[in-house]
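**Q** Once you've had a glance at the structure underneath, I'll fire off some questions.
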Amino acid sequence: MGPGDTGARGADLPQRLKLKAGGCIDAAGDKLSALSAAIWGCPELAYQERQSHDTLVRFFTEEQGWSIDSHYKMDTAFRATWGPGSSSPAGDSGLHIGFLCEYDALPGIGHACGHNLIAEVGAAAAIGLRGALESLASPAVRVKASL
Numbered sequence: 039m040g041p042g043d044t045g046a047r048g049a050d051l052p053q054r055l056k057l058k059a060g061g062c063i064d065a066a067g068d069k070l071s072a073l074s075a076a077i078w079g080c081p082e083l084a085y086q087e088r089q090s091h092d093t094l095v096r097f098f099t100e101e102q103g104w105s106i107d108s109h110y111k112m113d114t115a116f117r118a119t120w121g122p123g124s125s126s127p128a129g130d131s132g133l134h135i136g137f138l139c140e141y142d143a144l145p146g147i148g149h150a151c152g153h154n155l156i157a158e159v160g161a162a163a164a165i166g167l168r169g170a171l172e173s174l175a176s177p178a179v180r181v182k183a184s185l
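First residue of the sequence shown? That's 39 in our numbering, and the numbers climb one at a time after it.
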């Protein structure tokens, strides 16, 4: 427990979770920056982004604890899933949270559209949420996070 932490599930909980999420994102900062740079360095048009796909799959594989579905429903898509609700049936009452990672480039301008940054921010948000939820002794609801 840190300074001012009462240990109660009270008003300070959202602030503690926010700080934990931010800390996890900061700790992964170098890896997230490298992820964005790798996608930026290889601009691929929509439905052709094979290297970017592989870069993101590798990123989440190295992040331990994520279940990866490479080539999810299309050759250049993936799904990374984490959480106690990850293996639960589709109709369960848990909370399902999704993050978007765009990584295609535009003809003639590459990643001037910023999709490499959208991929980085989606990955960062997922890492932050996971860290915050893992810091709870027992979450109030089962959570499944997917990208």
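Glycine included, each C-beta is placed from N, C-alpha and C at the ideal position.
Reducing DSSP to helix, strand and coil, say where Ser-176 ends up.
**A** Taking the first residue of the sequence shown as 1, we reach residue 176 at position 138. Ser-176: coil per DSSP, three-state reduction.
**Q** Which of helix, strand or coil does DSSP assign to Pro-41?
**A** For this step, residue 41 is matched to residue 3 along the sequence shown. No answer about Pro-41 holds up, because its pLDDT of 44 lies below 50 and its placement is not dependable.
**Q** So, are the CB atoms of Thr-93 and Ile-106 less than 8 Å apart?
**A** Locating residue 93 in the sequence shown gives position 55, where the first residue counts as 1. Locating residue 106 in the sequence shown gives position 68, where the first residue counts as 1. No; because the gap between Cβ atoms is not below 8 Å, this pair is not in contact.
**Q** Keeping to the same chain, check which residues put their C-beta closer than 8 Å to that of Gly-74; ignore five residues upstream and five downstream.
**A** Working through the sequence shown from its first residue, we reach residue 74 at position 36. Note that residue 74 corresponds to Ser in the displayed sequence, not to Gly. Excluding positions up to five away in sequence, the list reads Asn-154, Leu-155, Ala-157, Glu-158.
**Q** Note down the Cα distance separating Trp-183 from Trp-104, rounded to an integer number of angstroms.
**A** Position 145 of the sequence shown holds residue 183. Position 66 of the sequence shown holds residue 104. The question names Trp, but residue 183 is Ala in the sequence shown. Cα to Cα, the separation comes out at about 9 Å.
**Q** Where Gly-40 and Leu-138 are concerned, what is the direct C-alpha to C-alpha distance, given to the nearest angstrom?
**A** The count along the sequence shown starts at 1 and reaches residue 40 at position 2. The count along the sequence shown starts at 1 and reaches residue 138 at position 100. With a pLDDT of only 48 at Gly-40, under 50, the local geometry of the prediction cannot be trusted, and the value read off the model is given with reservation. Taking the straight line from one Cα to the other gives about 33 Å.
**Q** Identify the continuous alpha helix (DSSP H) that holds Asp-83 and give its terminal residues.
**A** The residue labelled residue 83 in the question sits at position 45 within the sequence shown. This sequence places Leu at residue 83; Asp is not what is there. Per DSSP, Leu-83 belongs to no alpha helix (DSSP H) and is neither H nor E.
**Q** Which of the three DSSP states is assigned to Thr-114 in this structure?
**A** By one-based count along the sequence shown, residue 114 stands at place 76. Three-state result, Thr-114: coil.
**Q** Between Cys-62 and Ile-165, which are expected to be in contact by the criterion C-beta below 8 Å, what is the C-beta distance as a whole number of angstroms?
**A** The sequence position of residue 62 within the sequence shown is 24, counting from 1. The sequence position of residue 165 within the sequence shown is 127, counting from 1. 5 Å between Cβ atoms; contact.
**Q** Excluding sequence positions up to five away, which residues of its chain have a Cβ less than 7 Å from the Cβ of Ala-163?
**A** Taking the first residue of the sequence shown as 1, we reach residue 163 at position 125. Cβ within range, chain order: Phe-137.
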